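So the number in my numbering is just where the residue sits in the sequence shown, counting from 1, plus 17. For glycine and all other residues, C-beta sits at the position ideal for the given N, C-alpha and C. Treat the numbers as computed from the prediction; the structure is a model and nothing was measured. Read through the structure below, which is laid out as structure tokens, and then see the notes.
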Amino acid sequence: MMISTRLTLGLALALAACKATPPSRFERAVAAQVKRHVTVGGKSDRNPFPATEQNVSRGRKAFSAYCMACHGLDGQNTGVPFAEAMSPPVPRLTAPEVQLYTDGQLHWIIENGLFPSGMPAARGILDDEQMWRIVLFIRHLPPAGSLGEQATRGAR
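Printed below as a string of structure tokens:
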């Protein structure tokens, strides 16, 4: 009986240690610097599309089809109940930590995903033109909540 109690206590402590908690301000700052200067490629890549109304609109359409589940229709997590609960949290795309990336880095992140986060790679799902236009949309996001909330599967 004593071994079973110790095993249960040990298992409970191990599971408690595995609890995901939001990163501290320091951890976020270090991760942002490492990503910006070391792990995220594409820094010098240039967007081949000008920021015309049509290109931004096409970027919004591609964003709505692929990115809105995690970032909301407006890129600011509007209507995304799990965004803050993720570890690390889903960033608002208006945040300085996102907007400080170059266009090439944003394209690289969309194409390859971003570790360690829940950001998946879009390679093979979106074409290069769609990814570059999404970058344009990220640079021209509307005010938070102005696009409403997306309809989700299973919502009634």
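Query                                                                                                                                                                                   : Result
Taking Cβ to Cβ, would you say TRP125 is nearer than 7 Å to VAL73?                                                                                                                      : no
Could you please give the first and the last residue of the uninterrupted alpha helix (DSSP H) stretch that includes PRO108?                                                            : Unbroken run through PRO108: none, as it is neither H nor E.
Let me know the secondary structure DSSP gives MET18 once reduced to three states.                                                                                                      : Confidence at MET18 is low in this model, with a pLDDT of 49, below 50, so its placement is unreliable and the value that follows should be read with caution. Coil.
How is the alpha helix (DSSP H) around PRO113 delimited, first residue to last?                                                                                                         : 113–116
Please work out which residues of its chain come closer than 6 Å, Cβ to Cβ, to PHE154, disregarding the five sequence neighbours upstream and downstream, and give them in chain order. : VAL73, GLY76, ARG77 and PHE80
DSSP state of ARG42, grouped into three classes?                                                                                                                                        : helix
Going straight from the alpha carbon of GLY59 to that of LEU123, what length do you get?                                                                                                : 8 Å
By a C-beta neighbour count over all protein chains shown, 10 Å radius and 16 as the cutoff for buried, is ALA82 buried or exposed?                                                     : exposed
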